[in-house]
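Enquirer:
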Amino acid sequence: MTVAKTTVLVLDAAEPAELADFYAALLDAEPRPGDDPDFIEVVGENGVRLAVRRDRGYAPPSWPRPETSQQAHLRVLVDRADIDEAERELIALGARPLDTKDNGGPRDTRIYSDPAGHSFTLAVRM
Numbered sequence: 000m001t002v003a004k005t006t007v008l009v010l011d012a013a014e015p016a017e018l019a020d021f022y023a024a025l026l027d028a029e030p031r032p033g034d035d036p037d038f039i040e041v042v043g044e045n046g047v048r049l050a051v052r053r054d055r056g057y058a059p060p061s062w063p064r065p066e067t068s069q070q071a072h073l074r075v076l077v078d079r080a081d082i083d084e085a086e087r088e089l090i091a092l093g094a095r096p097l098d099t100k101d102n103g104g105p106r107d108t109r110i111y112s113d114p115a116g117h118s119f120t121l122a123v124r125m
């Protein structure tokens, strides 16, 4: 018998409700608080699932890291025709641009930080 399993990417933050609201709005999902007030899942009908956990000693990650190691991050995929509009939406929600030069073409990627400082990428869906 196989036990059913699922996964969820968990982001740490000083204020989990605020960050959960940011990602819920960005990803057309909803924040779902449970019994633990320091842990909120963000779930969407299109398969989105992540969570935010309170870390009372939270310090935002730096990007890029000096040693250039890869960090876990979200990659938000959109159609090429929608990337500029998606960029405007996420900045209006509170994302901060880190590296957003439009390199055009099918590999256009733009990097932002969320309100808690986690980096994420807005990229053209291949």
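Using numbering that gives the first Met the number 0, the first residue of the sequence shown is number 0, and each one after it goes up by one.
All residues carry an ideal CB built from backbone N, CA and C; glycine is no exception.
If you're wondering where the values come from, they're calculated on a predicted model, not measured in any experiment.
Figure out for me which residue from 73, 109 and 110 has the closest Cα to the Cα of residue 50.
Expert: As a working note, residue 50 is residue 51 in the sequence shown. Selected option, being the one with the closest Cα: 73.
Enquirer: If you draw a straight line from the C-alpha of residue 11 to the C-alpha of residue 60, how long is it?
Expert: By 1-based counting over the sequence shown, the position of residue 11 is 12. By 1-based counting over the sequence shown, the position of residue 60 is 61. Straight-line Cα distance between these residues: approximately 10 angstroms.
Enquirer: Who are the near neighbours of residue 26 in its chain, counting only those whose CB is closer than 6 angstroms to its CB and skipping five residues on each side?
Expert: Taking the first residue of the sequence shown as position 1, residue 26 is located at position 27. Correct list, in chain order: 43 and 47.
Enquirer: Taking residue 85 as the reference, which of 121, 39 and 34 has the closest Cα?
Expert: Along the sequence shown, one-based indexing puts residue 85 at 86. Cα-wise, what sits closest to residue 85 is 121.
Enquirer: In three-state DSSP terms, what is residue 20?
Expert: The count along the sequence shown starts at 1 and reaches residue 20 at position 21. If DSSP states are grouped into helix, strand and coil, residue 20 belongs with the helices.
Enquirer: Is it the case that the Cβ atoms of residue 98 and residue 87 are separated by a distance below 8 angstroms?
Expert: For the purposes of this step, residue 98 is taken as residue 99 along the sequence shown, with counting starting at 1. For the purposes of this step, residue 87 is taken as residue 88 along the sequence shown, with counting starting at 1. The answer is no: Cβ separation not under 8 angstroms.
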